[in-house]
Amino acid sequence: MGLKGRITLALIVVNVLSVGALLAYGHWQKRQDVLQEVDNRLQAVARAYGGMVPPHAANRLFAGQARGSEYLDLAATLGDYAKNNGASGLFALARQDGQWRYLIADASEAQITAGKHVAPLAPYPGGGAQADLALAQGHAFAESGGQRQLLLRAQGLRGETYLVGVNAPLAPAQAAIAANLAQSGVMAAVVILVGLVTSWLLGARLSRRLVRMQRQIEAMAAERNLLATLDEGQDEVGAIGRAINSLTAALRGSLASSADAARDALSRSERFHTDASHASDALLRSGTRLSGVSADTQSISIAAASAAEEAQQVHDSIENAQRTLGESIAQLFALADNVKDSNGKTEALCNQLSSVSRQVGGIDTVLATIRDIADQTNLLALNAAIEAARAGEAGRGFAVVADEVRKLSQQTEAALQRSRSSIEAIQGEIGALDTVVQGTLAHSVQIAEESARVAGSVAKGSQALGESTRAVAVTRQRAEEIRGALLATSGELSAVSREIDGTIELAGDIARASETLKSTSLELAGEVGQFKV
Numbered sequence: 001m002g003l004k005g006r007i008t009l010a011l012i013v014v015n016v017l018s019v020g021a022l023l024a025y026g027h028w029q030k031r032q033d034v035l036q037e038v039d040n041r042l043q044a045v046a047r048a049y050g051g052m053v054p055p056h057a058a059n060r061l062f063a064g065q066a067r068g069s070e071y072l073d074l075a076a077t078l079g080d081y082a083k084n085n086g087a088s089g090l091f092a093l094a095r096q097d098g099q100w101r102y103l104i105a106d107a108s109e110a111q112i113t114a115g116k117h118v119a120p121l122a123p124y125p126g127g128g129a130q131a132d133l134a135l136a137q138g139h140a141f142a143e144s145g146g147q148r149q150l151l152l153r154a155q156g157l158r159g160e161t162y163l164v165g166v167n168a169p170l171a172p173a174q175a176a177i178a179a180n181l182a183q184s185g186v187m188a189a190v191v192i193l194v195g196l197v198t199s200w201l202l203g204a205r206l207s208r209r210l211v212r213m214q215r216q217i218e219a220m221a222a223e224r225n226l227l228a229t230l231d232e233g234q235d236e237v238g239a240i241g242r243a244i245n246s247l248t249a250a251l252r253g254s255l256a257s258s259a260d261a262a263r264d265a266l267s268r269s270e271r272f273h274t275d276a277s278h279a280s281d282a283l284l285r286s287g288t289r290l291s292g293v294s295a296d297t298q299s300i301s302i303a304a305a306s307a308a309e310e311a312q313q314v315h316d317s318i319e320n321a322q323r324t325l326g327e328s329i330a331q332l333f334a335l336a337d338n339v340k341d342s343n344g345k346t347e348a349l350c351n352q353l354s355s356v357s358r359q360v361g362g363i364d365t366v367l368a369t370i371r372d373i374a375d376q377t378n379l380l381a382l383n384a385a386i387e388a389a390r391a392g393e394a395g396r397g398f399a400v401v402a403d404e405v406r407k408l409s410q411q412t413e414a415a416l417q418r419s420r421s422s423i424e425a426i427q428g429e430i431g432a433l434d435t436v437v438q439g440t441l442a443h444s445v446q447i448a449e450e451s452a453r454v455a456g457s458v459a460k461g462s463q464a465l466g467e468s469t470r471a472v473a474v475t476r477q478r479a480e481e482i483r484g485a486l487l488a489t490s491g492e493l494s495a496v497s498r499e500i501d502g503t504i505e506l507a508g509d510i511a512r513a514s515e516t517l518k519s520t521s522l523e524l525a526g527e528v529g530q531f532k533v
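Residues in the sequence shown are numbered from 1 upward in steps of one, following full-length UniProt numbering.
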């Protein structure tokens with residue numbers, strides 16, 4: 001199927017689907033309108049029940065007292081009204097003894113004459129569930145056996161609740177719906193036919209523009225004419241034309257650049273061929289020079305090996321001197337540590353002497369306290385002797401005791417004086433000893449500081465020797481590295497010499513490839529020149 005056929009088929013399918021959707025919606029809407037009309041008629045008939053059954057008659061119907069001609073007259077009235085308003089039945093129901101019963105039902109003259117009318121309070125054969133639903137909701141619709149039924153809740157003068165039922169045949173409504181469907185089907189067929197013609201015309205128009213654009217593109221490809229342009233417009237086909245025109249314009253620019261690039265490549269290939277020849281000659285000269293450099297490298301390698309051996313000897317001598325200095329430094333630091341330990345002990349002795357001096361001072365305080373007590377005791381003894389003298393014979397014994405106490409106080413004072421002299425002598429000795437210890441401590445500190453300075457100076461000298469050792473080691477290592485590098489360089493030079501030989505051959509291949517590149521550039525320029533740009 002061609003483009004025209006596909007476009008036409010798509011438009012036809014869209015047309016048929018649209019018409020089918022509209023037809024289905026119209027049929028559904030018509031059915032709803034017809035059913036609504038039937039329901040409105042049923043409600044009007046049900047509401048008219050109260051006007052045809054007077055209140056007193058309704059009360060007798062509830063009590064089951066409406067008999068004979070009164071009941072039959074009401075039934076006939078209901079039958080005539082229902083018939084005149086398109087209803088097939090009009091009745092009233094009440095729930096008594098747990099069952100729905102007829103209060104009254106319409107009847108025709110023929111039914112009354114034949115005795116086939118519904119008797120008062122006869123059981124209702126319809127669905128009790130539907131009646132219960134109508135009683136609860138106020139009304140209920142139902143369809144059964146081609147009939148549409150309405151049960152409408154109503155209330156009597158005494159508050160009695162009952163249902164008014166109306167039946168109407170659905171055949172007229174269904175006939176109206178079918179007629180509307182047939183009419184809508186005819187209209188849909190006409191619309192589809194018109195849509196077919198319109199789809200064919202639109203498909204032909206759209207495909208005509210696309211086919212014309214296809215032919216223009218085929219002509220451009222056959223002639224390699226990039227200067228030609230396609231028709232443009234405001235629709236989608238015109239947008240395609242604008243896009244292709246933009247693409248050909250970009251392609252023209254690219255081909256023009258390609259032509260320039262081809263010419264430039266041709267020029268560069270010629271220069272490249274010339275440069276390759278020059279490079280081959282330069283490589284030959286470089287090979288000769290590399291042979292001379294390789295011989296010089298071997299001589300330098302021998303000299304570097306000799307320098308490395310001499311550096312090793314210097315390194316060993318410096319290491320021996322550094323070990324000797326290290327031992328001296330260790331001894332000096334050990335001496336300084338011993339002096340520091342002695343200083344610590346001397347300082348501890350000074351602290352102990354100070355503590356002893358403070359304790360001796362505390363003893364002096366105690367002696368002063370004892371002296372005060374002795375003075376008080378002597379004073380008390382004197383007072384006791386005076387009191388004993390006053391007492392006469394009776395205080396003689398007390399006077400003897402007071403005299404002994406005064407002697408004891410005097411002996412205590414003498415002992416205290418001797419103790420104070422001893423303590424002062426001890427304090428003098430402690431002070432002299434502390435002076436000697438302090439002098440020894442200062443001398444020891446000076447010795448430790450001098451030892452530390454000497455050890456520091458020696459350590460600096462050892463560090464300088466270490467740095468010299470490291471410098472000599474670095475020198476020896478570098479000499480070895482230079483020797484290794486020279487040996488590696490010699491090998492690399494040999495490899496480079498071999499590579500240069502291969503490069504010379506490669507330069508010949510490059511010269512031949514440049515000739516091929518030149519030919520290819522000429523062919524590319526010819527191909528690009530075939531396009532009209």
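Ideal Cβ positions, reconstructed from N, Cα and C, are used throughout, including at glycine.
Item, Value
"Could you pull the start and end residues of the alpha helix (DSSP H) that glycine 395 belongs to?", "From DSSP, glycine 395 is part of no alpha helix (DSSP H); its letter is neither H nor E."
"Could you spell out where the alpha helix (DSSP H) holding leucine 78 opens and where it closes?", "69-84"
"Taking C-alpha atoms, which residue in Arg371, Glu218, Leu17 lies nearest to arginine 418?", "Arg371"
"Is there contact here, the stretch 133-149 with the stretch 77-87, by at least three beta-carbon pairs under 8 Å?", "no"
"Rounding to the nearest angstrom, what Cα-Cα distance links leucine 61 and glycine 86 in this structure?", "26 Å"
"Out of Glu309, Asp231, Ile426, which one is the CA nearest neighbour of alanine 473?", "Glu309"
"Nearest by alpha-carbon distance to glycine 156: which of Leu206, Gln96, Ala58 is it?", "Ala58"
"Put glutamine 147 into one of helix, strand or coil per three-state DSSP.", "strand"
"Relative to the C-alpha of glycine 50, which candidate in Gln29, Ala122, Pro123, Leu152 has its C-alpha closest?", "Leu152"
"By the DSSP assignment, the beta strand (DSSP E) with glycine 138 in it spans what residues?", "Unbroken run through glycine 138: none, as it is neither H nor E."
"If distances are taken between C-alpha atoms only, which option among Thr248, Glu232, Ala249 comes closest to glycine 241?", "Glu232"
"If you drop the 5 nearest sequence neighbours on each side, which residues of the same chain put their C-beta closer than 7 Å to that of tryptophan 100?", "Leu93, Tyr124, Gly128, Ala131"
"Since leucine 61 is in the alpha helix (DSSP H), which residue starts that stretch and which ends it?", "55-63"
"Quick one: what does DSSP say leucine 382 is sitting in, helix, strand or coil?", "helix"
"Quick one: Cα of arginine 67 to Cα of leucine 90, how far?", "19 Å"
"Under three-state DSSP, which class holds arginine 158?", "coil"
"Under 7 Å Cβ to Cβ from serine 199, same chain only, skipping five residues before and after it: list those, please.", "Thr8, Leu11, Ile12, Asn15"
"State the start and end residues of the unbroken beta strand (DSSP E) segment that holds tyrosine 102.", "99-105"
"Give the DSSP-derived three-state secondary structure of arginine 153 in the structure shown.", "strand"
"With H, G and I counted as helix, E and B as strand and the rest as coil, what does DSSP make of arginine 470?", "helix"
"Within 10 Å of its beta-carbon, does alanine 414 have 16 or more other beta-carbons around it, so buried, or fewer, so exposed?", "exposed"
"Spatial neighbours of glycine 195 within its chain, please: C-beta separation below 6 Å, excluding the five flanking residues on both sides.", "Asn15"
"Measuring CB to CB, does leucine 121 end up less than 9 Å from glutamine 96?", "yes"
"Contact defined as beta carbons within less than 8 Å: I believe alanine 107 pairs with alanine 75. What is the distance between those atoms, to the nearest angstrom?", "4 Å"
"Quick one, are the C-beta atoms of leucine 181 and lysine 30 less than 9 Å apart?", "yes"
"For alanine 119, which residues from the same chain have a beta carbon less than 8 Å from its beta carbon, with the 5 sequence-adjacent residues on both sides left out?", "Tyr102"
"From the DSSP output, which residues share a beta bridge with glutamine 96?", "Gln99"
"Distance, Cα to Cα, leucine 193 vs leucine 23?", "15 Å"
"Just checking: is the beta-carbon of glycine 361 within a distance shorter than 9 Å of some beta-carbon in chain D?", "Among the chains of the structure shown, chain D does not appear; only one protein chain is present."
"Given leucine 382, which residues of its chain have a CB within under 8 Å of its CB, disregarding the five upstream and five downstream residues?", "Ala402, Arg406"
"Can you tell which of Ala228, Ala265, Ile386, Glu236 has its C-alpha closest to the C-alpha of leucine 247?", "Ala228"
"Is the stretch 157-173 in contact with the stretch 35-48, if contact means three or more CB pairs nearer than 8 Å?", "yes"
"How about isoleucine 329 and alanine 459: are their beta carbons less than 9 Å apart?", "yes"
"Output the boundary residues of the alpha helix (DSSP H) element that contains threonine 113.", "109-114"
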